[in-house]
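S.K.: Counting in our numbering, the sequence shown runs from 27 upward without gaps. For every residue, glycine included, the Cβ atom is placed at its ideal position computed from N, Cα and C. Note that the structure is a prediction, hence the values are computed from the model and not measured. Mind having a look at this structure? Questions to follow.
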Amino acid sequence: MQCSAYSNFRRGTTHTRKRHFRSYFGSAVAASYSTINQRFKSSSHRRCPYNRGLEFIRFFRCIRYWNWTARLPTLSVSLARLNTHMKGLPYKIAGLLLILFSLTYGLWSEVPELPIIEQSIRNLFYHVSMWFAMVVMMAVSFGNAIGFLSSENMARDRRSISLAETGMFFSVMGLLTGMLWAKFTWGAWWTNDPKLNGTAITMLIYMAYFVLRNTIDDPRKRARISAVYNIFAFVMMIVFIGILPRMTDSLHPGNGGNPGFNSYDLDNRLRLVFYPAVLGWILVGTWIASLRYRLRNLEE
């Protein structure tokens with residue numbers, strides 16, 4: 027169904043068509059503005075990550091018709107929605123491309139032949155980079171916990187828990203890839219290694235953090251108590267993973283007198299894949315945390 031201005035435009039002469047086109051264009055812009063206010067600005071539609079594909083389809087459906095002026099309201103709404111959905115897209119694409127590069131090039135590229143480790147050094151691109159992403163997520167969660175205690179801003183509490191959940195995901199993935207590496211290098215899935223034991227204790231501490239949040243109903247009280255506990259958990263993580271393993275014997279490189287990778291042969295072939303992998307997992311972790319944050323905003 028088309029508006030009266032467009033019907034007059036089709037029936038009129040050349041002179042009247044210009045006048046009716048201006049009338050139709052004004053009504054189309056007004057309809058676009060009204061539609062954007064009523065539909066696009068609703069938070070439930072704007073924050074839903076699954077509408078992006080639909081908006082691309084609607085956009086291309088609008089521009090493929092010859093009488094595109096009749097589709098101007100729908101076209102403008104689709105462009106406005108695409109503009110919102112495209113925000114933050116570059117870092118997401120960059121993260122996915124960096125991970126894809128590390129997964130593919132890291133498997134078939136040449137790596138140095140190191141004693142004992144040999145070809146399993148390729149797991150450095152996945153295991154260690156995931157641990158870097160985990161530490162970054164937990165550190166930013168720790169910072170948001172401090173920020174909440176100083177400002178009482180509930181948005182910081184939601185960011186803190188979202189980042190902690192993402193960090194826990196990376197810690198599980200890092201632990202699984204580490205166990206696989208240990209099986210092929212040390213001959214066992216789990217050894218009495220201080221860093222492995224410290225990792226297990228740290229994961230239990232953060233699991234208690236999630237349980238604590240679920241046992242408190244009042245949002246403000248839950249946010250304050252969990253923020254204090256989050257600070258404690260992050261400090262314990264640094265102690266159990268970064269300090270204690272360096273004070274005793276450990277099978278991990280760089281701990282307990284065991285030389286690090288730089289003393290072996292962490293050459294440019296490894297750096298070419300390792301550094302992009304670290305950055306890629308951090309970017310993807312930021313993406314996952316943002317999705318969790320948006321989901322919590324919708325739930326609350």
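With 16 other CB atoms within 10 Å as the buried threshold, where does residue 315 fall?
M.R.: Counting from 1 along the sequence shown, the entry for residue 315 is found at position 289. The residue is buried, with at least 16 neighbouring Cβ atoms inside 10 Å.
S.K.: Taking 9 Å as the threshold (C-beta atoms), are residue 168 and residue 257 in contact?
M.R.: Taking the first residue of the sequence shown as position 1, residue 257 is located at position 231. Taking the first residue of the sequence shown as position 1, residue 168 is located at position 142. Yes; because the gap between Cβ atoms is below 9 Å, this pair is in contact.
S.K.: What's the C-alpha gap between residue 310 and residue 153?
M.R.: Taking the sequence shown and counting its residues from 1, one reaches residue 310 at position 284. Taking the sequence shown and counting its residues from 1, one reaches residue 153 at position 127. If you take the alpha carbons of residue 310 and residue 153, they lie about 15 Å apart.
S.K.: Please return the same chain residues whose Cβ sits closer than 8 Å to the Cβ of residue 216, not counting the five positions on each side in sequence.
M.R.: Numbered from 1 along the sequence shown, position 190 holds the residue referred to as residue 216. 205, 208 and 222.
S.K.: Measuring CA to CA, which of 183, 176, 160 and 224 is closest to residue 322?
M.R.: Start at 1 with the first residue of the sequence shown, and residue 322 comes out as number 296. The option with the nearest alpha carbon to residue 322 is 183.
S.K.: With burial defined as no fewer than 16 other Cβ atoms inside 10 Å of the residue's Cβ, what is the status of residue 274: buried or exposed?
M.R.: Position 248 of the sequence shown, counted from the start, is the residue given in the question as residue 274. Per the 10 Å Cβ criterion, exposed.
S.K.: Residues in the same chain with beta-carbon distance under 7 Å from residue 186, minus the five sequence neighbours each way, listed in chain order, please.
M.R.: Counting from one through the sequence shown, the residue named residue 186 turns up at place 160. Same-chain partners within the cutoff: 167, 170, 171, 174, 253 and 256.
S.K.: Please go through the same chain and pick out, in chain order, the residues whose beta-carbon is closer than 7 Å to the beta-carbon of residue 228, but skip the five residues on each side of it.
M.R.: Here residue 228 corresponds to residue number 202 of the sequence shown, with the count starting at 1. Same-chain partners within the cutoff: 262, 263, 266 and 267.
S.K.: Label residue 149 either buried or exposed according to how many other C-beta atoms from any shown protein chain fall within 10 Å of its C-beta, with 16 as the threshold for buried.
M.R.: Counting from 1 along the sequence shown, the entry for residue 149 is found at position 123. With 16 or more other Cβ atoms within 10 Å, it is buried.
S.K.: What is the C-beta distance between residue 242 and residue 259, in whole angstroms, given that I count them as a contact (C-beta under 8 Å)?
M.R.: Translated into the one-based positions of the sequence shown, residue 242 becomes position 216. Translated into the one-based positions of the sequence shown, residue 259 becomes position 233. Not quite, the Cβ-Cβ distance comes to about 16 Å (not below 8 Å), so this is no contact.
S.K.: Using the beta-carbon count (16 or more within 10 Å), is residue 130 buried or exposed?
M.R.: The sequence position of residue 130 within the sequence shown is 104, counting from 1. By the neighbour-count rule (16 or more Cβ atoms within 10 Å), residue 130 is not buried but exposed.
S.K.: Where does the unbroken alpha helix (DSSP H) through residue 216 begin, and where does it stop?
M.R.: For the purposes of this step, residue 216 is taken as residue 190 along the sequence shown, with counting starting at 1. Residue 216 -> no alpha helix (DSSP H), and no H or E assigned at all.
S.K.: Please classify residue 163: is it buried, with 16 or more other beta-carbons within 10 angstroms of its beta-carbon, or exposed?
M.R.: As a working mapping, residue 163 is identified with position 137 in the sequence shown. It is buried - the Cβ of residue 163 has at least 16 other Cβ atoms within 10 Å.
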